[in-house]
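Residue 394, in this note's numbering, is where the sequence shown stops; the numbers in between run on with no holes.
Built from N, CA and C at the ideal position, the CB exists for glycine as well.
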Amino acid sequence: MRFKTHLSINLSRMSDNFNNLKQLAPHNEVLFMIKADAYGHGMVPVVNFCLDNLGIKEFGCASIGEAIHLRNELESSQFDIYVFSDLVLSETICKKAYSSKRILPVISDLRDLEIFLNDSEFKYVPLCLKFDTGMNRLGFEVTQLDEVMRMLKSKGRTSIEHLMSHFSSSYVGKNINSKSGKQYNLFKEVKASFQSSGFEVNKTSMANSGAIEQDIALDETHIRPGLIMYGPSSLLEFNPEWKGKNVSEFRTHIIKLKHIKKGDHVGYGDHVSKSGGTLVTLPIGYGDGIPSAYRNLTISHMGLKGKLIGRVNMDMSSFLFSDEAMDKFEVDQGVHIWDESVASFVQTCREIRTIPYELFCLVSSRVPRIYSLK
Ligand SMILES: *Cc1c(COP(=O)(O)O)cnc(C)c1O
């Protein structure tokens, strides 16, 4: 139980984000990426909401453990779960999950393909393949295409349920960086090779948020958005076209106000304050997902801006505001680390040299998620 500190999650904003997304990609089916506990927003409530309200029927996890958990929690609902990176095809429990719980492993190397094709447990599991088109992370090499086709044919597998690839740089403007276009062309070649060799390819996808925002790879049957569903644009440069709102707000409250003078010591290690002002202490620290690396973190409250000062503690952190704050603020007042405004969220990310993905994901389990619909 925790009072006055929580991640407040307004799922009706996810509907708004989804509607904005559908304007950008009206013709594509959506495979919604909910890895890392739905980017920190809570996988089960988020998926439940999407099933009931948005008509999304396909979701992407990173690990088989996440997928099993999701299936067990929402046992009576009909939807597909893909596992993208941490497959563990050789473990008996995992095999059973793939074969009996409609969980789809996205196979991306020859070793896993070998297991998948030769173990009878996977006989009726639909085949999903991911190709590396220039990221050098997961995915079959394009040069392995013939080998993959040979292996599939030798086992009588002529149908590919979902063919995929992933962009390395779709967050960069396509007019600045031509990498996404090159990767997409390569993906289309891989798809065409399968089709001309007699394979049936049911679904295809490549576009994540940044690609969707830039109208890249929308000719495929599916898109795979993550970030923009939670609010922020994925593009490095501010994207005025994207009207998303943060689904979450990180709220806490003031536990102490204290006036300090220039040269006073603050917190562990006797940090010396370079200026005087109002020290505002909050009951959140690195145990909550505010790492000490967020040195330039600022918060806004009642029109004033305060900057992180001294070391972040496990359970507390202090912000230095102007003298004026002493009269305006009160202990126990609620403050936001972030609110629904994507513009200020993105600004915060810049100040602390991180990306929206990371800021969301680091909010720890110490911070309760509280859900609402408005
Ligand atoms: C996380 C992920 C996505 C979604 O990326 P966003 O930039 O959040 O839209 C899409 N595809 C794969 C394979 C992913 O891992």
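In the DSSP assignment, no residue is bridged to GLY289.
Ligand 1 approaches GLY230 closely enough that one of its heavy atoms is under 7 Å from the residue's Cβ. Under a 10 Å Cβ-count criterion, PRO46 is classified as exposed, with fewer than 16 other Cβ atoms of the shown protein chains found around its own Cβ. When only Cα atoms are considered, PHE69 and LEU31 end up about 7 Å apart. Between the alpha carbons of SER268 and THR374 lies a gap of roughly 18 Å. Annotated three-state conformation of ASP139 is coil, per DSSP. Taking C-beta separations shorter than 7 Å and ignoring five residues to either side along the sequence, the partners of GLY354 in its chain run LYS24, ARG271 and HIS273, following chain order. Among the bridge pairs identified by DSSP, ASP106 is matched with SER83. A straight line joining the alpha-carbon of GLU181 with that of GLY330 spans about 53 Å. The Cβ-Cβ distance between HIS61 and TYR250 falls below 8 Å.
Using a C-beta cut-off of 8 Å, the stretch 185 to 198 makes no contact with the stretch 165 to 176, since fewer than three inter-stretch Cβ pairs fall below that distance. By the Cβ neighbour-count rule, PHE365 is buried, with 16 or more other Cβ atoms within 10 Å of its own. Beta-carbon to beta-carbon, PHE104 and ILE76 are separated by about 17 Å, too far to satisfy the 8 Å threshold.
By the CB criterion at 8 Å, VAL383 and GLY264 fall outside the cutoff.
Secondary structure note for GLY309: it is in no beta strand (DSSP E), with a DSSP letter that is neither H nor E. Rounded to the nearest whole angstrom, the C-alpha separation of ARG157 and PHE151 is 10 Å. Secondary structure note for LYS24: it is in no beta strand (DSSP E), with a DSSP letter that is neither H nor E. Contact between the stretch 317 to 333 and the stretch 228 to 242 is absent, with fewer than three C-beta pairs closer than 8 Å. Taking 8 Å as the cut-off, the beta carbon of SER188 is found no closer than this to the beta carbon of GLY230. Straight across, the Cα-Cα distance linking ALA58 with ASP284 is about 42 Å. Taking 4 residues as the shortest admissible run, the stretch 308 to 385 contains the following complete alpha helix (DSSP H) segments, listed from N- to C-terminal end: 345 to 348, 362 to 371 and 376 to 382.
Scanning its chain for C-beta atoms nearer than 6 Å, with the 5 sequence neighbours on each side dropped, one finds around PRO388 the residues ARG22 and HIS26, in chain order. In the DSSP assignment, PHE160 forms a beta bridge with PHE151. With fewer than 16 other beta carbons inside 10 angstroms of its own, SER120 counts as exposed. For the 8 Å CB-CB criterion, LYS55 and GLU86 form a contact.
In the three-state reduction of the DSSP assignment, ASN222 falls in the strand class.
The stretch 39 to 82 contains, as complete alpha helix (DSSP H) runs of 4+ residues, the segments 55 to 59 and 63 to 69 (chain order). With respect to the 8 Å criterion, LEU317 and GLU371 are classified as neighbours on the basis of their beta carbons. A distance below 8 Å separates the beta carbons of VAL332 and ILE310.
VAL168 carries a helical assignment under DSSP once its states are collapsed to helix, strand and coil. Leaving aside the five residues that flank TYR102 on each side, the residues in its chain whose CB is nearer than 6 Å to its CB run, in chain order, GLY80, LEU124 and VAL126.
Distance check between LEU147 and each of HIS291, SER128 and MET155 places SER128 closest, using alpha-carbon atoms only.
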